[in-house]
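Those protein sequences? They're chains G and D, same order as listed. With the working numbering as the guide, the letters of the first sequence map in order to residues 433 to 881. With the working numbering as the guide, the letters of the second sequence map in order to residues -3 to 251. Notes follow once the structure below has been shown.
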Amino acid sequence: MTPVVDAKEQYVADFKAFVTNGARGAPSWLRDIRERAIARFAELGFPSMKQEEWRFTSVAPIAERSFALSHGRPALTNGDLEALSIAGTRAIRLVVVNGVFAPELSAAELPAGLRAASLRVALATDPDLARRHLTSYASFDASAFAALNTAFLSDGAFVHVPAGMEVERPIEIMFVTVPAPTAGASPMVTHPRGLVVLERGARASVVENYVALRDGVYWTNAVSEVAVGDGAQLEYVRVQRESRDAYQVATTYARQGRDSLLRLHVFALGGGLARHDVHSLLGGTGSELVLNGFYLLRGKQHSDHHTVIDHAEPHGTSHEFFNGIVGEQAHGVFSGRIIVRPGAQRTDSKLTNNNLLLSTEARADSLPQLEIYADDVKCTHGSTVGPLDETALFYLRSRGLSPETAAAMLTYGMAAEILARVNHEAIRGALERLVRGRLADRTRGGRRA
Amino acid sequence: MKPRLLEIRNLHASVDGREILHGVDLEVNAGEVHAIMGPNGSGKSTLAQVLAGHPAYTVTEGSVTFDGKDLLAMQPEQRARDGVFLAFQYPVAIRGITNAYFLRSAVNAVRKARGQEELGPLEFMETLEAKLKLIGWDDSYLSRPVNEGFSGGEKKRNEILQLAVLEPRLAILDETDSGLDIDALKTVAQTVDRLRRPDTATVLVTHYYRILTYVLPDYVHVLSGGRIVKSGTKDLALELERKGYDWLREEAAVG
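Okay, here's the thing in structure tokens:
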């Protein structure tokens, strides 16, 4: 294996090539941020399992391998995307292929006032708007991966919903990876970036959908920033279906204003090694966050979710529910931290993580944590890890269901509990079909990402 | 003569290597209601669970015949499809699965086994309406996950809803009356009584007399120390209500 330090230096060297080549044309403020980000990455280096935040997840498979920055993108057609879309043809679709925005696959006509476009283009056409928000929510100080994403930030998807606007159609951002056939060559890394901003009183439903067009080894190092303005309401669904041989490390940074509502649902189904962090700041009085997660793992998949919900202001509500189904030799990790800052009185926070182990070799680690610095709050947490409940199986069998049907029902129930919390009916329906398909595939012994 | 539905002969059963039932005999004919009473820990719930086929219990001796067939040779789901129903003392919550979906799956599993056509969601809802009314529920309970967040009384009502929907030939009610307030008990018990048919039988496991005022038993049996120590008519239940169980233990010890 190549020593870790070399991989780090390689990215620093790649960065030097990038700023003189791929990154030209960027505004100077962004160039400054990139320089700071690569410097921070060089300081931090890849995390090790000695760090508390990475106790259960080794990134050695990423750190000890060399990944090459992707260049350009292959041409795709809408037909390539149809089966992979969650929100369907009615949605306002934005497509990013191998980290590069694909205008010919993306919505051309938008409701008046809505911006939904390439991040690269937005930097040129709406520099003030982009500057006000981009990197404002994502902090790369503590994350080498976010720092690396920011260093190579050049394109992605940008959604801006102006004050008071209600976007009726769902917006779907598809981050599509087409891994190159890697005979001998270094596998590819992309640093996709999403920026979704709802101004005061705006309403929208957004799907962020990570898919691979074919199997292969690659690394997706993603960052998304989500800003929900005062009184705005956003339902945000993130679906991760990377190739089973792929790596994904990602962070979603969310910030909410006063009396805003964010319903954030994350579904992790793919990837060989996947890590997703959610940092959510309830930065306005009376804001409400519903954070749901579901992971379905099999084979040797490893999936790690780290969520931090930060109650900074009073009268905030956060309800977090993560359910995992872990089969075969897979390993699921969930760490949920709730911080209630001094002064964030009347916070109502609830955190639950349930894990269903489908084999004796499957493993799940669950770490709910509360950090409460205010005295007038209501906070609860709980977690479970275990196989199918024998009593529940017997209960279902005593009603005439076969052991197989009973087990399938209890297993699907873990997913259904999370799916039921997705408000948008069409999106929920598509997710139900997706998860049912995956579970059926699993019982047939299939191997699909 | 009424056809024999259930015949238990010298039934011994253990859990975790410990024998709970030490030779139970019981005969139940179609159309009859039997009450099984007894103090806590006498084996009442064990008997109910064994009849439903709970895998944690091992039958070490004896036989159980249901409608002429060897009940103990049947898997729990086969027993259910054949018409045996146990209303659980502690109904289980099933996360994520709505009551409507669960009920329809159960009904269709039974229908399929009987060679009947399965019901679609709409057809099923039609058959359900009258049954919901029986237990005094509206359909808001159908979209909730099975027993999840239900109160004790709601869970018991849900068991009776399943009884109404599945229409078994032998209904075993394991302390369905416990944890119910007076009004709920009345609704539940009257529903059980209304669901009786000449070709079905009911076994009520209880240690209270009250439910028997709504569902009048033909026979009352006292289970104590893993055996039926006394059988009689409804008058025995009245006597138990007055005198408690201790006199029976003494009687059994003397005899």
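For each residue, glycine too, the CB sits at the ideal point set by N, CA and C.
Reference residue i, options the options, closest by Cα
i	options	result
G/Arg601	G/Arg522, G/Thr843, G/Met620	G/Arg522
G/Glu667	G/Arg673, G/Val681, G/Thr652, G/Glu640	G/Glu640
G/Gly545	G/Arg707, G/Leu537, G/Ala492, G/Asp558	G/Asp558
D/Arg140	G/Ile518, G/Val740, G/Arg635, G/Ala852	G/Ala852
D/Ser147	D/Leu200, D/Asp63, D/Pro87	D/Pro87
G/Val527	G/Leu645, G/Glu631, G/Tyr443	G/Leu645
G/Thr683	G/His763, G/Ala578, G/His623	G/Ala578
G/Gly725	G/Thr792, G/His734, G/Gly768, G/Phe447	G/Gly768
D/Leu159	D/Ala102, D/Lys65, D/Gly116, D/Lys40	D/Ala102
G/Ala636	G/Asp797, G/Ser692, G/Val532, G/Asn581	G/Ser692
G/Leu542	G/Val591, G/Asn581, G/Arg497, G/Lys732	G/Val591
G/Ile518	G/Val643, G/Val610, G/Cys811	G/Val643
G/Glu674	G/Gln665, G/Ala840, G/Asp647	G/Asp647
D/Glu256	D/Phe98, D/Glu125, D/Gln112, D/Glu122	Chain D is shown only over -3 to 251; residue 256 of chain D falls outside these bounds and no answer can be derived.
G/Thr509	G/Val491, G/Ala500, G/Val529, G/Ala495	G/Val529
D/Gly222	D/Leu176, D/Pro35, D/Arg193	D/Pro35
G/Ala492	G/His734, G/Ala583, G/Lys782	G/His734
D/Gly132	D/Arg153, D/Glu122, D/Gly228	D/Arg153
G/Gly759	G/Glu657, G/Leu871, G/Gly661, G/Ala824	G/Leu871
D/Leu2	D/Glu28, D/Gly13, D/Val106	D/Glu28
7 Å Cβ cut-off: residues of chain D touching residue i
i	result
G/Tyr727	What G/Tyr727 touches in chain D: nothing, since even the nearest Cβ is about 15 Å away.
G/Glu836	Within 7 Å Cβ-Cβ: nothing; G/Glu836 doesn't reach chain D, min ~10 Å.
G/Thr609	None at all; the shortest Cβ gap to chain D is about 31 Å.
G/Ala824	Val88, Ile90
Neighbourhood of residue i by C-beta, 7 Å cutoff - its chain only, sequence neighbours within 5 removed
i	result
D/Asp189	Tyr210, Val211
G/Thr816	Asn786, Asn787
Reduced DSSP secondary structure (H/G/I, E/B, other) of residue i
i	result
G/Ser460	helix
G/Ala578	helix
G/Leu820	coil
G/Ile770	strand
D/Arg192	coil
G/Arg865	helix
G/Gln680	strand
D/Trp243	helix
D/Ser136	helix
D/Ala109	helix
D/Ser10	strand
G/Gln777	coil
G/His565	helix
D/Pro72	helix
D/Gly149	helix
G/Glu803	strand
G/Gly878	With a pLDDT of only 43 at G/Gly878, under the threshold of 50, the placement of this residue in the model should not be trusted, and no figure is reported.
G/Gly845	helix
G/Glu600	coil
G/Gly626	strand
9 Å Cβ cut-off: residues of chain D touching residue i
i	result
G/Tyr844	Gly92, Ile93
G/Ala852	Gly92, Thr94, Pro141
Contact set between residue i and chain G, taken where Cβ atoms lie within less than 9 Å
i	result
D/Ser101	Leu828, Arg831, Gly832, Leu833, Thr837, Met841
D/Glu73	Leu828, Arg829, Ser830, Arg831, Gly832, Leu833, Ser834, Pro835, Thr837, Ala838
D/Gln186	Here the premise fails: no neighbours, minimum Cβ distance about 23 Å.
D/Asp76	Note that residue 76 of chain D is Ala in the sequence shown here, rather than Asp. In chain order: Arg829, Ser830, Arg831, Gly832, Leu833.
Neighbour list for residue i in chain G, Cβ cutoff strictly below 7 Å
i	result
D/Phe84	Tyr827
D/Gln112	Going along chain G, no residue has its Cβ under 7 Å from D/Gln112, so there is no contact; the nearest lies around 12 Å.
D/His50	Phe826
D/Val106	Gly832
Own chain residues within Cβ distance below 6 Å of residue i, not counting five before or after
i	result
D/Val11	Ala52, Tyr53
G/Arg880	A caution first: G/Arg880 carries a pLDDT of 44, below 50, which makes its placement in the model unreliable, though a value can still be read off. So the list reads Asp873, once near-sequence residues are dropped.
D/Leu68	Val55, Val60
G/Ile524	Ala539, Ala548, Arg601, Ile603
Contact list for residue i against chain D, beta-carbon separation under 8 Å
i	result
G/Thr452	Result: empty, since nearest Cβ-Cβ is about 53 Å, beyond 8 Å.
G/Glu849	Arg91, Gly92, Pro141
heavy atom of the ligand SAM below 6 Å from residue i C-beta
i	result
D/Met121	For the ligand SAM, the structure offers nothing, since it holds no ligand at all.
Listed by chain order, chain G residues near residue i by CB distance under 8 Å
i	result
D/Arg153	Chain G residues near D/Arg153: none, gap ~16 Å exceeds 8 Å.
Cβ-based neighbour list, residue i, same chain, cut-off 8 Å, excluding 5 preceding and 5 following
i	result
G/Gln442	Ser498
*Do the stretch 682 to 695 of chain G and the stretch 552 to 565 of chain G touch if we need at least three Cβ pairs shorter than 8 Å?*
no
*On the three-pair Cβ rule with 8 Å, is the stretch 827 to 838 of chain G touching the stretch 850 to 866 of chain G?*
The stretch 827 to 838 of chain G makes no contact with the stretch 850 to 866 of chain G: fewer than 3 CB pairs, one atom from each, lie closer than 8 Å.
*asked:* Under 8 Å, with one C-beta from each stretch per pair, do the stretch 76 to 92 of chain D and the stretch 155 to 173 of chain D reach the 3-pair mark?
replied: yes
_Stretch-stretch touch, CB-based, cutoff 8 Å, three pairs: the stretch 182 to 199 of chain D with the stretch 24 to 34 of chain D_ = yes
*When the Cβ atoms of the stretch 56 to 63 of chain D are set against those of the stretch 111 to 128 of chain D, are three or more pairs found closer than 8 Å?*
no
*Is it a yes or a no for the stretch 456 to 464 of chain G touching the stretch 476 to 485 of chain G, going by three-plus beta-carbon pairs under 8 Å?*
The answer is no - the stretch 476 to 485 of chain G does not touch the stretch 456 to 464 of chain G, with fewer than three Cβ pairs under 8 Å.
*Could you say if the stretch 12 to 21 of chain D and the stretch 791 to 801 of chain G meet the contact criterion of at least three C-beta pairs nearer than 8 Å?*
Taking a cut-off of 8 Å for Cβ pairs, the stretch 12 to 21 of chain D and the stretch 791 to 801 of chain G do not touch, as fewer than three such pairs fall below it.
*Give a yes or no on contact between the stretch 461 to 472 of chain G and the stretch 744 to 751 of chain G, applying the rule of three or more CB pairs nearer than 8 Å.*
no
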